[in-house]
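The structure under discussion appears below in the form of structure tokens.
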Amino acid sequence: MTSLVRETALHSRKFIQPWVLMQQFDVLIIGSGLAGLTLALKVGQDRKVCLISKRGINDGSSNWAQGGIAAVLTDDDSTEAHIQDTLIAGAGLCDAAVTRLVAEHGRETVEWLIAEGVPFTREEDNSGFHLTREGGHSHRRIIHAADATGHAVQKTLAEKVQQHPNITVLEEHIAVDLITAGKVNMEGSACLGAYVLNNLTGKVSTIAAQQTVLATGGAGKVYLYTTNPDVSSGDGVAMAWRAGCRIANMEFIQFHPTCLYHPEAKSFLITEAVRGEGGLLKLPDGRRFMTWHDERAELAPRDIVARAIDFEMKKRGLDCVYLDISHQPADFILSHFPTIYRRCFELGIDITREPIPVVPAAHYSCGGIMTDHIGRTDIPRLYAIGETACTGLHGANRLASNSLLECLVFGQAVAEDILSQPQMPEVNLPYWDESRVTDADEEIIITHNWSELRRTMWNYVGIVRTNKRLTRALHRIHLLRDEVHEFYSNFRVSNNLIELRNLLQVAELIVLSAMARQESRGLHYSKDSPSLPDEAVPTVLEPSNYYSLLDSHHGQHDDKHHHAHSHSE
């Protein structure tokens, strides 16, 4: 039996024996970060909303964001300057219209957060809000809540969502796959909802919705070192690709230059604002090195700083470099960076007296599910917002603190579009069936393959890439994917299995995108193609062209290496 026929048979078996779990909503939001919460509050005024959170409602990347939100809030700054800074950082690949749209809505979205009660940091004389400056920005325009902006915003909005009468929050739930009309033998291609696993009961329910929104965040978990929380497994990108959406610019993975280097400090980010407030990067002997790499030194864009650190570490055989802000007054450090101070102090590092050991780590995906200027994907009734989407704002490199702003602006845009849609009749969808699968006899394959995938991506698809490394990575990913696909086909799904399946899909998309870009631009740096052509062209992957894409890199491929687009449950 060919792979395609076998998977079609597997696909059809999912709709035989019904579970009792079936729910209907107007809007299904998959993801509980800032994008999802903003949308839920905006659309909940007139729609019945279900918001899915893989862990607790506050366990996503938004809650970890330290720096702040970029917006033009002072008379000496301008929207044009913000736009220009964004375009420069994006290395020619930003969508100019989307960039203007987001920048122009910066002030009103921040004012909305202030009205909602977010406790942003004020100046010492209480004359206004304190604004900081980060790499790539020409002005101080980052409004923040000390060094825990994401937590302050997330906590404020999450409390309102949980109290909202029209919003049902399902924590400890993970989406397995989207349900499209074609999958259930209905006319058209619209998204009708999703299958969702309850992590506490192990049961999969069917959630039908008139509109479905992917707000699942990034895919940092695909790398060995990341600033992201464990939930960042690229679920939205993988589900959208399997459903037939185009994916764009996945090669542009932003590596944050400064993640705390300590055996007990898992994924702890040292915000860029530390460098914005005078922090200096140094070698172990105390010498600064950023001035050797860029005239903007520590305030150069993140990709330049990350590559500089990577270069110095590899050249000198270092485990880390050091970020030093101890020359600033202790009171200044304690008031501006209390979270960082406390965490470092717990680990025996007093940042008022000594430098912080740091290394680069995977931080943000600039690419994702292709959307238009109001968050619509290729599939009717399916939207994508936040880090899982590729709106065109970030281009080849995200400007610092534009990500939370994008979540706010597109959350509002999608809400307006959904509220403008007429209500439709409810649709009864097939239930998830697992009558032909069993409990896994052992799950070591999941932990082993996840570990191997992360190391493969770190070693071969990291800050600096080569064609040989990418080819090697793709080969390993396909071997791992085949093992996991067999496991997925025969055993009951679990959170870890769903995440690993999605991570393998996202890893393949990252590698294929990187192979397609024969130049060095923004966050994608290839030693084989170091030049930067004048013309900037997005990398767009289409599920319908998957085989030809593989052919262009392999010359030939076996049917067993076909991708998950035709395996849709």
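Throughout, the working numbering is defined as the position within the sequence shown, counted from one, plus 727. Don't be surprised by glycine CBs; every beta carbon is placed ideally from N, CA and C.
Could you check whether residue j and residue i sit closer than 7 angstroms to each other, using their CB atoms as the reference points?
| i | j | result |
| --- | --- | --- |
| E1114 | G944 | yes |
| L1207 | N1176 | yes |
| N1124 | L1026 | no |
| S759 | L778 | yes |
| I810 | R827 | yes |
| S960 | N1229 | yes |
| R1190 | R1034 | Note that residue 1190 is Ile in the sequence shown, not Arg. Yes, they are a contact pair. |
| C986 | D1105 | no |
| L1146 | S932 | no |
For residue i, which residues from the same chain have a beta carbon less than 8 angstroms from its beta carbon, with the 5 sequence-adjacent residues on both sides left out?
| i | result |
| --- | --- |
| L1010 | F1016, E1039, R1043, L1045, V1048, Y1049 |
| R1182 | L951 |
| Q1148 | Q937, Q938 |
| D1102 | Sequence inspection shows Gly at residue 1102; the Asp mentioned does not correspond to that position. Hits under 8 angstroms: V940, Y1110, A1111, I1112, A1116, T1118, F1137, A1140, V1141, D1144. |
| R1005 | One detail in the question is off: residue 1005 reads as Gly in this sequence, not Arg. These residues qualify, in order along the chain: I1052, H1054, Q1055. |
| V911 | F742, L919, L1156, P1157 |
| L927 | E899 |
| L814 | C821, A823, T826, G1122 |
Per DSSP, what kind of secondary structure is residue i in: helix, strand or coil?
| i | result |
| --- | --- |
| P1265 | coil |
| S994 | coil |
| S1279 | helix |
| I906 | strand |
| G1044 | coil |
| H1292 | The pLDDT assigned to H1292 is 35, lower than 50, so where the model puts this residue is not dependable; a value taken from the coordinates is nonetheless given after this. Correct three-state label for H1292: helix. |
| V1196 | At residue 1196 the sequence reads Arg, which differs from the Val that was named. Three-state DSSP puts R1196 in a helix. |
| R782 | coil |
| D1051 | strand |
| G1095 | strand |
| A873 | coil |
| H857 | coil |
| V1032 | helix |
| I901 | strand |
| A975 | strand |
| A946 | coil |
| F1218 | strand |
| Q744 | Any answer about Q744 is weak, because its pLDDT of 36 lies below 50 and its placement is not dependable; what the coordinates show is given next. Q744 falls in the coil class under three-state DSSP. |
| I1101 | coil |
| A1123 | coil |
Step through the CB atoms of chain D and report whether any lies within less than 7 angstroms of the CB of residue i.
| i | result |
| --- | --- |
| P1011 | Protein chains in the displayed structure number just one, and chain D is not present. |
Between which residues of its own chain and residue i is the CB-CB distance below 7 angstroms, once the five residues before and five after are set aside?
| i | result |
| --- | --- |
| N785 | Q881, K882, A885 |
| R867 | L858, T859, R860 |
| F1072 | none |
| I934 | Q750, F752, L755, C777, G920, A921, V923 |
| S865 | A808, D812 |
| A1241 | E978, V1188, R1192, L1197, H1251 |
| A792 | T876, G877, L1131 |
| M1164 | Note that residue 1164 corresponds to Val in the displayed sequence, not to Met. So the qualifying residues of the chain are N1217, F1218, R1219. |
| L1007 | R1015, E1025, D1051 |
| L1231 | L1180, I1204, L1207, R1208, V1211 |
List the endpoints of the continuous beta strand (DSSP E) containing residue i.
| i | result |
| --- | --- |
| G920 | 918-925 |
| H866 | Here H866 belongs to no beta strand (DSSP E), and DSSP marks it neither H nor E. |
| H1251 | Counting along the chain, H1251 falls outside any beta strand (DSSP E), and DSSP gives it neither H nor E. |
| V776 | 776-779 |
| Q811 | First-last for Q811: 806-816, but that is the alpha helix (DSSP H), not the beta strand (DSSP E). |
| T939 | 931-941 |
| D1110 | One point to set straight first is that residue 1110 is Tyr, not Asp, in the sequence displayed. Looking at the DSSP string, the run of the beta strand (DSSP E) that includes Y1110 is 1109-1111. |
| L1008 | 1007-1009 |
What residue range does the alpha helix (DSSP H) around residue i cover?
| i | result |
| --- | --- |
| V837 | 833-843 |
| D1144 | 1129-1146 |
| I1076 | Note, I1076: premise wrong, no alpha helix (DSSP H); not H, not E. |
| Y1091 | Careful: Y1091 lies outside any alpha helix (DSSP H), inside the beta strand (DSSP E) at 1083-1092. |
| L1231 | 1222-1243 |
| V888 | 876-890 |
| V754 | Not the alpha helix (DSSP H): V754 falls in the beta strand (DSSP E), residues 749-757. |
| H983 | H983 -> not in any alpha helix (DSSP H); beta strand (DSSP E) instead, spanning 980-987. |
| L764 | 761-770 |
| T1115 | No alpha helix (DSSP H) contains T1115, which DSSP labels as neither H nor E. |
| L1180 | 1171-1187 |
| W968 | 962-970 |
Enumerate in chain order the residues of its own chain whose CB-to-CB distance from residue i is below 6 angstroms, with the five nearest sequence positions on each side excluded.
| i | result |
| --- | --- |
| S1178 | none |
| T1018 | A1024 |
| G1095 | V964, T1115, A1116, C1117 |
| A767 | I756, V776, L778, V888, I894 |
| N1222 | I901, N926 |
Inter-stretch contact at 8 angstroms, needing at least 3 Cβ pairs: the stretch 1071-1080 / the stretch 963-982: With the cut-off at 8 angstroms, the stretch 1071-1080 and the stretch 963-982 do not touch.
The stretch 753-760 in contact with the stretch 818-838 per 3-pair CB rule at 8 angstroms: no
Stretch pair the stretch 1259-1269 + the stretch 992-1011: three plus CB contacts closer than 8 angstroms: no
Segment contact, 8 angstroms Cβ cut-off, at least three pairs: the stretch 820-837 with the stretch 1161-1175: no
Validate contact between the stretch 834-850 and the stretch 888-908 using beta carbons, cut 8 angstroms, 3 pairs: Between the stretch 834-850 and the stretch 888-908 there are fewer than three C-beta pairs closer than 8 angstroms, too few to call the two in contact.
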